[in-house]
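Notes follow the structure.
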Amino acid sequence: MQQTSGTGRSRSILMLGGTGTIGRATVAALLSRGHKVTCIARPKSGIGRKFTKDKTQELLQGTEVIFGDVKNRDFLAKDVFGDRSFDVIYSCMASRTGEPKDAWAVDYQAHADVLALAKESGVTQMVLLSAICVQKPKLVFQHAKLKFEQELAESGLTYSIVRPTAYFKSLAGQVERVKKGKPFLLFGDGTLAACKPISDPDLGAYLADCLDDVSLQNKILPIGGPGPAITLKNQGEYLFKLLDREPKFKSVPADLLMNISKVMDVIGKVIPPVAEKAELARIGHYYATESMLVWDAEAEEYDADATPETGSETLFDYYKRLVEGKEKAERVDVAMFSD
Ligand SMILES: NC(=O)c1ccc[n+]([C@@H]2O[C@H](COP(=O)([O-])OP(=O)(O)OC[C@H]3O[C@@H](n4cnc5c(N)ncnc54)[C@H](OP(=O)(O)O)[C@@H]3O)[C@@H](O)[C@H]2O)c1
């Protein structure tokens, strides 16, 4: 049961990353609960920077949008905190690619600047969208996120660090190719990793709950959607069942991605931008081989039962809507599979 602290009173919230998938869902949840939301957005936002200011205003309807560069501390000090006061900061902001330079600039530095200014201006609470994968850090963006998580936890602000499992959009990349009759691609035998997928509205609602529910405060919160945990193979099997087709799988060795990253690292010594891209292959390998579930460090294994659940929507409900054409899958910035 929810233990409320703020008795649901309306708060003034500064939102970072409101144009992203979970940011939009969180903004919707906060507005529906009567809060005043101010968003910082880039003049060109969205995947491929294709949203104009007008489109962004439309997406974030009901909020005040301040356009500018969150990486610019002067802009933050003057145009954001200068003549406004906020009660709470929400962040669903993250590097869209996870490339090393961008990850440090966005997942760490921009957050650290906002936190410092927020503290100075009297903000008392922050809710941060992080990721469950930081519990077993091997990638640059995970280290950048962890560094900021630590700063937030030590800041003196009331905090909620939300570490979700896998989003539906990240698990929908093969629906179109399978609909076209192509095989479902597996890493290894498709059981190397498992997750408890969580829907955008369920996660948005959970993030909004952090505002008033004291049981969700001053904590790191791993969170998944309704179980059971499912593997890549389970996802493929369900898709073929939905389409009433004979299952057709094709296995790809997960090590292939690691080998690609090693080759790119060598080329990157001569052509530095290639080294940044090598990280993308390492990210792919990580998700192919590591589960998005709570890691039991003592037993050295992932623990599906210890992974908390929230919400009601399942990935398979979503697949059904995609196959029936009732919904279109959101694009992802870096796709592992495509049609
Ligand atoms: N995908 C998954 O399955 C999964 C699972 C668990 C956790 N996560 C975590 O969830 C987060 C991503 O959530 P999401 O999918 O909702 O994000 P998303 O759709 O990729 O959106 C990212 C947000 O951050 C903003 N942003 C990125 N770079 C920026 C910059 N330089 N300046 C200002 N804003 C910037 C984007 O703004 P623009 O619109 O201007 O680009 C956008 O609002 C990451 O922390 C990820 O690690 C992901």
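In this note's numbering, the protein residues as written are 49 to 387.
All residues carry an ideal CB built from backbone N, CA and C; glycine is no exception.
Since the structure is predicted, the reported quantities are computational estimates derived from the model, not experimental observations.
{"query": "Of the residues 86, 289 and 62, the one placed nearest residue 364, counting alpha carbons only", "result": "289"}
{"query": "Contacts around residue 196, its chain only, beta-carbon distance under 7 Å, and the 5 residues preceding and following it disregarded", "result": "155, 156, 159 and 160"}
{"query": "Proximity test, residue 293 beta-carbon vs ligand 1 heavy atom, cut-off 8 Å", "result": "no"}
{"query": "The stretch 201 to 210 contacting the stretch 229 to 246, beta-carbon criterion three pairs below 8 Å", "result": "no"}
{"query": "8 Å Cβ shell around residue 136 - same chain, five flanking residues per side excluded", "result": "59, 60, 61, 62, 171, 172, 173, 174, 175 and 259"}
{"query": "Beta-carbon proximity check, residue 180 vs residue 342, cutoff 9 Å", "result": "yes"}
{"query": "Cβ neighbour criterion (16 or more within 10 Å) applied to residue 248", "result": "buried"}
{"query": "Ligand 1 heavy atom lying under 8 Å from the CB of residue 189", "result": "yes"}
{"query": "Residue-chain proximity (residue 97, chain D), Cβ-Cβ < 9 Å", "result": "The structure shown contains no chain D, having only a single protein chain."}
{"query": "Length-filtered (3 minimum) beta strand (DSSP E) runs lying within the stretch 338 to 364", "result": "342 to 344 and 349 to 351"}
{"query": "beta-carbon residue 118 near ligand 1 non-hydrogen atom, thresh 8 Å", "result": "yes"}
{"query": "Helix, strand or coil at residue 371 [DSSP, three-state]", "result": "helix"}
{"query": "Candidates 319, 305, 318 and 347: closest to residue 328 by CA position", "result": "305"}
{"query": "Between the CA atoms of residue 315 and residue 75 - distance to the nearest angstrom", "result": "42 Å"}
{"query": "Residues near residue 185 by beta carbon distance below 8 Å, same chain, minus five either side", "result": "191 and 194"}
{"query": "Own chain residues within Cβ distance below 6 Å of residue 268, not counting five before or after", "result": "209"}
{"query": "Euclidean distance between Cα positions of residue 227 and residue 291", "result": "8 Å"}
{"query": "Identity of the residue in 344, 276, 149 and 255 nearest residue 119 by Cα", "result": "149"}
{"query": "Three-pair Cβ contact test at 8 Å for the stretch 68 to 87 versus the stretch 139 to 146", "result": "yes"}
{"query": "Where residue 187 falls: helix, strand or coil (DSSP)", "result": "coil"}
{"query": "Beta-carbon spacing of residue 129, residue 177 below 9 Å", "result": "no"}
{"query": "Rounded separation between residue 324 and residue 282 - CA only", "result": "33 Å"}
{"query": "Whole runs of the alpha helix (DSSP H) within the stretch 188 to 217, excluding any shorter than 4 residues", "result": "188 to 201"}
{"query": "Contact test: residue 127 Cβ vs ligand 2 heavy atom, cutoff 8 Å", "result": "Ligand 2 is not part of the structure shown, which contains ligand 1 as its ligands."}
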